[in-house]
Every structure is written in structure tokens, then in C-alpha cells.
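Protein chains: 2
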Amino acid sequence: MKYSELKKSLKNHKLRITDCRMDVLEYFQEHTKAVSIKDLEDKFQEYDRVTLYRTLHSFEENGLLHKIPGDSGSAVYGLCKDCDVAAHHHNHMHFRCTSCGSTECIDTPVEIKAATLPDNYEMASIDVIVNGICNQCSSN
Amino acid sequence: MKYSELKKSLKNHKLRITDCRMDVLEYFQEHTKAVSIKDLEDKFQEYDRVTLYRTLHSFEENGLLHKIPGDSGSAVYGLCKDCDVAAHHHNHMHFRCTSCGSTECIDTPVEIKAATLPDNYEMASIDVIVNGICNQCSSN
DNA sequence: TTATAAATGCAACTCTATTGCATTTTATTT
DNA sequence: AAATAAAATGCAATAGAGTTGCATTTATAA
Numbered sequence: 130m131k132y133s134e135l136k137k138s139l140k141n142h143k144l145r146i147t148d149c150r151m152d153v154l155e156y157f158q159e160h161t162k163a164v165s166i167k168d169l170e171d172k173f174q175e176y177d178r179v180t181l182y183r184t185l186h187s188f189e190e191n192g193l194l195h196k197i198p199g200d201s202g203s204a205v206y207g208l209c210k211d212c213d214v215a216a217h218h219h220n221h222m223h224f225r226c227t228s229c230g231s232t233e234c235i236d237t238p239v240e241i242k243a244a245t246l247p248d249n250y251e252m253a254s255i256d257v258i259v260n261g262i263c264n265q266c267s268s269n
Numbered sequence: 130m131k132y133s134e135l136k137k138s139l140k141n142h143k144l145r146i147t148d149c150r151m152d153v154l155e156y157f158q159e160h161t162k163a164v165s166i167k168d169l170e171d172k173f174q175e176y177d178r179v180t181l182y183r184t185l186h187s188f189e190e191n192g193l194l195h196k197i198p199g200d201s202g203s204a205v206y207g208l209c210k211d212c213d214v215a216a217h218h219h220n221h222m223h224f225r226c227t228s229c230g231s232t233e234c235i236d237t238p239v240e241i242k243a244a245t246l247p248d249n250y251e252m253a254s255i256d257v258i259v260n261g262i263c264n265q266c267s268s269n
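Just so you know, the sequences run in chain order A and B. Residue numbers for the first sequence follow the numbering used here, so the first one is 130 and each next one is one higher. Residue numbers for the second sequence follow the numbering used here, so the first one is 130 and each next one is one higher.
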């Protein structure tokens, strides 16, 4: 993605333009799989770990990323493709490959009826994590 | 639940009978909400943290508990009511209350068709986490 | 009752994530 | 373009979650 596009995207989300944020956002754009803090630390050794953590947090707060609960411990993050700051649409599914360990957002929308909940439970949002073998691993 | 019942349950899962395991299992039986390591540490200060961790792990390995990915960081565990060692049925949903922070297993079975996945993805299992307000919180 | 295999407690350690603070950088205003 | 205020960064320290090794104790089965 072009520099000016990245810049625009940050500005749209009311985020200041910094080297770290530009690099991290570009990294997200270039990867279809969800990204962990570990990935970023390995890739961007020139930035402090803390800065990378704070970058993820600010991106998440400003609706650029969504957090995906990690399998064991550490979380991963995915780009919010169809979201804007006002309305998040997180009702897609996350596919976690048990072979390569990657997590990926699958754009198939997920519908679970609130009617299936017991009385007096109110649904706000839903996270669906599908475990299995991803396309890359199944073709090897 | 009676002592003898707890004992039988542990034996069924090929787990040795110890004080810690009996107490922890009883605690799970008495609570409808999912249990965190923190809950256990607070409740059972007479047992070492490590022992409680290992108790959870052995319960999980032997099909007595299932692990539910925590909101931020620490995981919680739920009793496997309808599971046996041979066949786990984890396709129920987990309800996480954004008000009181509790997580709970809801017995409504969840069906997501593998057909909704893109080509060459193979589904093995699925975790559904519904966020919202639980019955207790909505009536307060 | 004894033998052995497993569970426990303790200490140390690893990994993940956060906080405080001084410094630097960004964006805005003049 | 320079000055200013607000925000981001880097570093060090700290907090929290979870694990490992090992000596000791306990449970089960012979």
C-alpha cells in the first residue's frame, strides 16, 4: 500500500503519524493472517517492545484493529477491514489452524440468533473461533 | 455433591483421589460460572498455586474440564457436563458478561456449517463466545 | 505392609504485559 | 519558520501468569 494511503488511514482514525505506526500498519496490510506482538517484535527490532504494545492498543482503541483471543496466552490482532470508527462489524469468524498455529479472519458473516439464549441474557457481540486446518496446510 | 460421587467422578477419569482434587472438583460442581485460577487461589489458600495449576491441567487432560480462552490474559475453566473421555462435545456456547465479567457455559448447541468456510479449510472444532449481559446482571 | 508411581510444595525462572518518567517528536499556532 | 502544547517513544522497573526442577509426601496396587 502506498505511503499516502497509510497516512490517510491513520488520520481517518485520528492517530498521529509516526514511523512506528506507519510501519506497523503497513505490516498488517501485507499479511492476511492475524499478527501477534511477537511477530512485530521480530520484524521491528528498531522499536521498543513497549512502543509496539502501545501501537497495538491505540490501533485497537481507534478501531483499526480487533483483538482475537489467543489460543494460549498471547493475543493476536486482525485488521478491521469492513469496520469504521462508528460501527464495528466483528461478527465474522476467526479460523485458527492447529497445524501452523496461524489465526485468520474469514469474511463469512456469522449469524447466531439471540433467540437461542436463555431468558434475560442479552447478546452484544459474538466471537466465533473455528479450529481446524487452513488452506495452506491442507495442500501440503 | 456427595463425597462418594466426587470420588467416583475422579476415578472415572482415571485421576487419583487427593484432597486438592476433591476440593477443586467440588468447587466446580457448586459453581455455574466458569472458574479461574484466581478463584481457586483465593478459595484454597492451603494449596500451592502450582498444585492448583496442575490440578486444572490434569482435569483438562482427562476430560473433566474444558478451557475457555479468557478475555484478557488468564483463562477460565468450565465443567464438561455432557462430555466423556472418548468424545468431547464442546460445541456449546460460552457467554461472557461484560458487566460482572463472568463466563458461563450455555447448553444451547451451536451449529456452524463447514460449508460456510472457503475451499480447503477443514473445521475440527469451534468456540463460540457470546458477549453481553447475563441474567443476573440484567435483573439488577 | 511394602513398593512404586504419582502428586505436592517450594524456589526459581520464563514469558507476557504494564507503569512511571525523562526525552523526543508531532501537529498546531503564531 | 519558530514557538508551543500535546502526544509518542525509549528505558528501566515492575507486575502478573504460568512453568520447571527437585526433594518430599501421599495414594494405589501388589
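Each residue gets a CB set at the ideal place from its N, CA and C atoms; glycine is no exception.
- If one requires a minimum length of 4 residues, the alpha helix (DSSP H) runs lying completely within the region 164-215 of chain B are 166-172, 178-190, in chain order.
- Not a single CB atom of chain A sits nearer than 9 angstroms to the CB of I146(B).
- Assignment of D152(A) by DSSP, reduced to helix, strand and coil, places it in the helix class.
- The continuous alpha helix (DSSP H) containing C266(B) extends over residues 264-267.
- According to the DSSP assignment, R225(B) belongs to the beta strand (DSSP E) that extends over 221-226.
- At a C-beta separation below 8 angstroms, D248(B) has these neighbours in chain A: N264.
- Comparing alpha carbon positions, the residue from L139(A), T180(A), E251(A) closest to N191(A) is L139(A).
- The Cβ of D152(B) sits no closer than 9 angstroms to any Cβ of chain A.
- Membership of L246(B) in any alpha helix (DSSP H) is not indicated, and neither H nor E is assigned to it by DSSP.
- The C-alpha of Q174(A) lies about 24 angstroms from the C-alpha of C229(A).
- For S133(A), the enclosing alpha helix (DSSP H) stretches over residues 132-141.
- Within the region 151-174 of chain B, no residue places its CB atom closer than 7 angstroms to a CB of chain A.
- Taking the Cβ atoms as the reference, I197(B) lies roughly 16 angstroms from Y182(B), outside the contact range of under 8 angstroms.
- Cβ-Cβ distances below 6 angstroms link G199(B) to V205 in the same chain, with the five nearest sequence neighbours on each side left out; the list follows chain order.
- Note on Y132(A): under 16 other CB atoms within 10 angstroms of its CB, so exposed under the neighbour-count rule.
- Against chain B, the beta carbon of E251(A) has neighbours under 7 angstroms at G261, I262, S267, listed in chain order.
- Per the Cβ contact rule, the region 254-263 of chain A is not in contact with the region 149-168 of chain B (fewer than 3 Cβ pairs under 8 angstroms).
- Rounded to whole angstroms, the gap between the alpha carbons of M252(A) and S187(A) is 26 angstroms.
- Distance from the CA atom of N269(A) to the CA atom of S231(A), rounded to whole angstroms, is 15 angstroms.
- A Cβ of chain B is located within less than 9 angstroms of the beta carbon of T227(A).
- For S254(A), the nearest beta carbon of chain B is closer than 9 angstroms to its own beta carbon.
- Between I262(A) and T237(A), the C-beta spacing is not below 9 angstroms.
- Of all alpha-carbon atoms in D177(A), R225(A), E170(A), F157(A), the one lying nearest the alpha-carbon of L246(B) is that of R225(A).
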